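Student: Dropping a structure here in structure tokens format, bear with me for questions.
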Amino acid sequence: VQLQASGGGLAQAGGSLRLSCVASRTSFQINDMNWYRQAPGKQRELVATITGGGIPITADSVKGRFTISRDNAKNTVYLQMNSLKAEDTAVYYCNVQNLQGRVYWGQGTQVTVSS
2 VQLQASGGGL
12 AQAGGSLRLS
22 CVASRTSFQI
32 NDMNWYRQAP
42 GKQRELVATI
52 TGGGIPITAD
62 SVKGRFTISR
72 DNAKNTVYLQ
82 MNSLKAEDTA
92 VYYCNVQNLQ
102 GRVYWGQGTQ
112 VTVSS
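Just remember that our numbering sits 1 ahead of the position in the sequence shown, which is counted from 1.
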């Protein structure tokens, strides 16, 4: 399984970015798809989840600003990030889970928000 994340970069506070993560070489049905982030000196935190049934769940810290979605036909999960803040600066990681709960991680993509 390979997970390829893209869409990170530099944005100004109040701006937007859209992250994508494509899962390839999968021989199993993907269940939950998740976005995590890790800021320098901090623990990795869960930002958003979209369940296998398409139910989105976002962390309180990004609720109302970030939206997670998925395209099952493309094995892709998206994270639309609006009204970005400096504290959103982090490396963002995607992962997917199969029906047995095994987790696969992608490489991170850097998001930097300038104030």
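Think of the CB as a built atom: it goes at the ideal place given N, C-alpha and C, for glycine as much as any other residue.
On a predicted model such as this, the values are computed, not experimentally measured, just so you know.
Could you tell me which uninterrupted beta strand (DSSP E) segments, each at least 3 residues in length, are contained entirely in the segment 8-49, listed from first to last along the chain?
Tutor: Whole beta strand (DSSP E) segments, 3+ residues: 10-13, 18-25, 31-39.
Student: CB-CB under 6 Å to Ala-6, same chain, minus the five flanking residues each way: which ones, in chain order?
Tutor: As a working mapping, residue 6 is identified with position 5 in the sequence shown. Hits under 6 Å: Cys-22, Cys-95, Gly-107, Thr-110.
Student: Answer yes or no: do Ile-58 and Ser-70 have a C-beta to C-beta separation smaller than 8 Å?
Tutor: Position 57 of the sequence shown, counted from the start, is the residue given in the question as residue 58. Position 69 of the sequence shown, counted from the start, is the residue given in the question as residue 70. No. Outside cutoff.
Student: Got a sec? Which residues, its chain only, sit under 6 Å from Gln-13 by beta carbon, not counting five neighbours each side?
Tutor: Counting from 1 along the sequence shown, the entry for residue 13 is found at position 12. These residues qualify, in order along the chain: Ser-115.
Student: Can you say whether Arg-45 is buried or exposed, counting buried as having 16 or more other CB atoms within 10 angstroms of its CB?
Tutor: Taking the sequence shown and counting its residues from 1, the one referred to as residue 45 is at position 44. Under this definition Arg-45 is an exposed residue.
Student: Look at Asn-35 and Ala-24 and say whether their C-beta atoms are less than 8 Å apart.
Tutor: Within the sequence shown, the letter at position 34 stands for residue 35. Within the sequence shown, the letter at position 23 stands for residue 24. No.
Student: With DSSP as the reference, label Ala-74 as helix, strand or coil.
Tutor: To locate residue 74, count along the sequence shown from 1; it is residue 73. Here Ala-74 sits in helix by DSSP.
Student: Closest to Leu-47 by C-alpha separation, out of Val-63, Ala-74, Thr-113, would be which residue?
Tutor: Residue mapping note: residue 47 aligns to position 46 of the sequence shown, counting from 1. Per the Cα distances, Val-63.
Student: Among Ser-84, Asp-61, Glu-88, which residue has its Cα nearest to the Cα of Thr-113?
Tutor: In the sequence shown, the residue the question calls residue 113 occupies position 112. With distances taken between Cα atoms, Thr-113 lies closest to Glu-88.
Student: According to DSSP, is Ala-6 helix, strand or coil?
Tutor: As a working mapping, residue 6 is identified with position 5 in the sequence shown. In this structure, Ala-6 counts as strand in the three-state DSSP scheme.
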